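Everything in the sequence shown is counted per our numbering, starting at 860 for the first residue and increasing by one.
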Amino acid sequence: MRQELQSLPKTLAEEVARNLVMVARLIDEDPESAYAYSKVALRLASRVAAVREAAGFAAYANQKYGEALAEFRTARRMTGNVDLWPLMADCERGLGRPEKALDMAGAPEVQKLDKAGRVEMRLVAAGARRDMGQLDAAIVTLQTPELAAKSVQPWTARLRYAYADALLAAGREKEAREWFAKAAEADRDGSTDAADRLAELDGVEFTDALDETADDLDDIDEDVDGIGGVDEADEGDGTDRTGKADVLDKAPEAREEHKAREDGPSDRGGRQEEREKPEEGDRD
860 MRQELQSLPK TLAEEVARNL VMVARLIDED PESAYAYSKV ALRLASRVAA
910 VREAAGFAAY ANQKYGEALA EFRTARRMTG NVDLWPLMAD CERGLGRPEK
960 ALDMAGAPEV QKLDKAGRVE MRLVAAGARR DMGQLDAAIV TLQTPELAAK
1010 SVQPWTARLR YAYADALLAA GREKEAREWF AKAAEADRDG STDAADRLAE
1060 LDGVEFTDAL DETADDLDDI DEDVDGIGGV DEADEGDGTD RTGKADVLDK
1110 APEAREEHKA REDGPSDRGG RQEEREKPEE GDRD
């Protein structure tokens, strides 16, 4: 990226770099803000491939698949790099075109990908099969040597998770549980919710600490209300003789129910995420 920005005037390059750093920093936790920063960078340096790529990632994170696909295509034309091919195929899925994604999975560009890229392409292809209701085909698509490999790679947890989720969708719960457990074991950075899915299958229920705190405060509130009434002689003197603290009137009522996380921008083979309807003009 630095090399690409060297073609810009120093002040402009620094401004573009600051915006790209913010995109990378916020894209997971605050994708909308990351998208806004990518737009600024795009206005400043639209002819820089790294900027177009960052804009594509930001749009993808916000499920703006048509826009993301356009940016990825532009970046690829500028660099000739095929690394974005799986993401481009997943954008086709997002636009409601799983058949196009499958066509891309069989294209010559896939042979130019490294192992990580080929695994990503399989995740996309399996997701496309599920989009089309072909559950058994999705399972077969994910049955690769990488799936059962003992060594843990960056893609291992997501690949196992996708396989477990496909098995569960096909009604093979026992096998699904086994692979969710394997996914959880390999998930060292929390990229999936495999542990939560495993707990669901085992019937484990989680208790929200906020619920217990709110209930305890409600009990205290009732106890305080029942301590000593106010004498008639005390009425109207402005003194609260119950001693009830104001904080009890403000006991939290937040009750958050436990639920498993949806798939990630990047969890292409996991739970089937909500996809946008095809946008006009995005078809090849």
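Here a beta-carbon is modelled for each residue, glycine too, at the ideal position from N, C-alpha and C.
Since the model is a prediction, treat every value here as computed from it, not as a measurement.
Is the beta carbon of residue i less than 7 angstroms from the beta carbon of residue j?
i, j, result
"L1060", "R1036", "yes"
"A1029", "L994", "yes"
"A893", "L885", "yes"
"A1045", "L1057", "no"
"L946", "R935", "no"
"K971", "V999", "no"
"A917", "M937", "no"
"V983", "D949", "yes"
Over the uninterrupted alpha helix (DSSP H) stretch that includes residue i, give me the two end residues.
i, result
"V910", "908 to 920"
"W944", "944 to 953"
"W1014", "Careful: W1014 lies outside any alpha helix (DSSP H) and carries neither H nor E."
"Q862", "861 to 864"
"P957", "957 to 964"
"N878", "869 to 885"
"M937", "924 to 938"
"L1060", "1053 to 1060"
"E891", "890 to 903"
"D995", "994 to 1000"
Between residue i and residue j, what straight-line distance do the alpha-carbon atoms span, to the nearest angstrom?
i, j, result
"E863", "A876", "11 angstroms"
"Y1020", "D1052", "9 angstroms"
"L1018", "A996", "15 angstroms"
"L901", "A914", "7 angstroms"
"A872", "A920", "25 angstroms"
"A883", "E951", "23 angstroms"
"E1116", "D1024", "Because E1116 carries a pLDDT of 40, less than 50, the predicted location of this residue cannot be relied on, and no value is offered for it."
"Y896", "V910", "11 angstroms"
"A1040", "R981", "21 angstroms"
"D887", "P967", "31 angstroms"
"R956", "D1055", "31 angstroms"
"L879", "T1003", "36 angstroms"
"E958", "T933", "22 angstroms"
"R906", "L928", "17 angstroms"
"F931", "G925", "10 angstroms"
"A975", "V1063", "34 angstroms"
On the CB-based measure, 16 or more other CB atoms within 10 Å of its CB, does residue i come out buried or exposed?
i, result
"P890", "buried"
"V978", "buried"
"P1013", "exposed"
"K1118", "Bear in mind that a pLDDT of 38 at K1118, under 50, signals an unreliable position, so the model cannot answer this."
"T870", "exposed"
"A1007", "exposed"
"P868", "exposed"
"G953", "buried"
"D990", "buried"
"E1032", "exposed"
"S1050", "buried"
"R861", "exposed"
"K988", "Position check: residue 988 holds Arg in this sequence, whereas Lys was assumed. So R988 counts as buried."
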